[in-house]
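Only one structure is covered here, and it is reproduced in the block below.
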Amino acid sequence: MNAKQLFDYIGYFKGLWERNKLAQAEKFKWCTCSGIETLQGPLQQFRTANAFFCVDDTNDGATFRGRNGGWFKKRTVTVFLLHRYSMKDMSSYETALGKCRQLMQQLLTRMLTDEDALSNDLVYLRTESVLSRELGQYFLNGCTGLYFMVEVSEPVDLTYDASEWQS
1 MNAKQLFDYI GYFKGLWERN KLAQAEKFKW CTCSGIETLQ GPLQQFRTAN
51 AFFCVDDTND GATFRGRNGG WFKKRTVTVF LLHRYSMKDM SSYETALGKC
101 RQLMQQLLTR MLTDEDALSN DLVYLRTESV LSRELGQYFL NGCTGLYFMV
151 EVSEPVDLTY DASEWQS
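Taken in order, the sequence shown gives residues 1 to 167; the numbers are from this note's numbering.
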């Protein structure tokens, strides 16, 4: 545990993507984005890929004092699971959204498994309440999916260092 350097959640989710059989079998492409407004990762690969596993590289967060007096950084991490479908075929839409739902469930089960190991490193994956939203059939032209948000909390070192300041 290094209280000066935050948990690499992008690397964590990339590792889940690499090791998940469904994500690999369905050829979900790994990418990052800067929020739902841009989704630049999927858009850059939209012509060449049918499915996307996208982690938002920006997040909302808060710094707070814990019950023991130590300081923690809480960040909300957002993961997008998107899949293309044939706009003229409703069953294609349902199949695509179903794959995203299935992948999200598998990710949640893995996060539950990883939760204890991460807490040993003082990284607290808050799996007791994971918010999600399905995007519907008209989200992107011929693409549907969902996103989910999970909180990560970890200690931060807020010890004052006089050498960082001018007199």
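Glycine is no exception: its CB is placed at the ideal position from the N, C-alpha and C atoms.
Every value quoted in this text rests on a predicted model; they were computed, and no experiment measured them.
- Note: W30 is bridge-paired with F53 in the DSSP secondary-structure output.
- For K88, the three-state secondary structure derived from DSSP is coil.
- Each of F148, V77 and D157 was checked against the Cα of Y9, and the nearest Cα belongs to V77.
- Cβ contact annotation for Y160 (same chain, cutoff 6 Å, sequence separation greater than five): none.
- In this structure E94 is exposed. Its beta-carbon is surrounded by fewer than 16 other beta-carbon atoms within 10 angstroms.
- Of the residues G98, F7, A162 and E115, the one whose Cα lies closest to the Cα of A51 is G98.
- Taking the Cα positions, D56 is about 26 Å away from R65.
- With contacts defined by Cβ atoms closer than 9 Å, E151 and R110 do not form a contacting pair.
- Distance from the CA of L146 to the CA of S163, rounded to the nearest whole angstrom, comes to 46 Å.
- Beta-bridge pairing by DSSP links V152 to R75 and L125.
- Scanning its chain for C-beta atoms nearer than 8 Å, with the 5 sequence neighbours on each side dropped, one finds around G61 the residues K73, K74, R75 and T76, in chain order.
- Residue state for D116 is assigned as helix, using DSSP reduced to three classes.
- Shown here for F13: same chain residues with a beta carbon closer than 7 Å to its own, the five before and five after excluded, namely V55 and V79 in chain order.
- Straight through space, the alpha carbons of S86 and E154 are spaced by roughly 43 Å.
- Between W17 and A23 a beta carbon distance of about 5 Å is seen, short of the 8 Å cut, so the two are scored as contacting.
- Non-local beta-carbon contacts of Q102 in its own chain, meaning distances under 8 Å to residues more than five positions away in sequence, involve L22 in chain order.
- Put simply, the backbone Cα of F148 is about 16 Å away from that of W30.
- Counting other Cβ atoms within 10 Å of its Cβ, L112 stays below 16 and is therefore classed as exposed.
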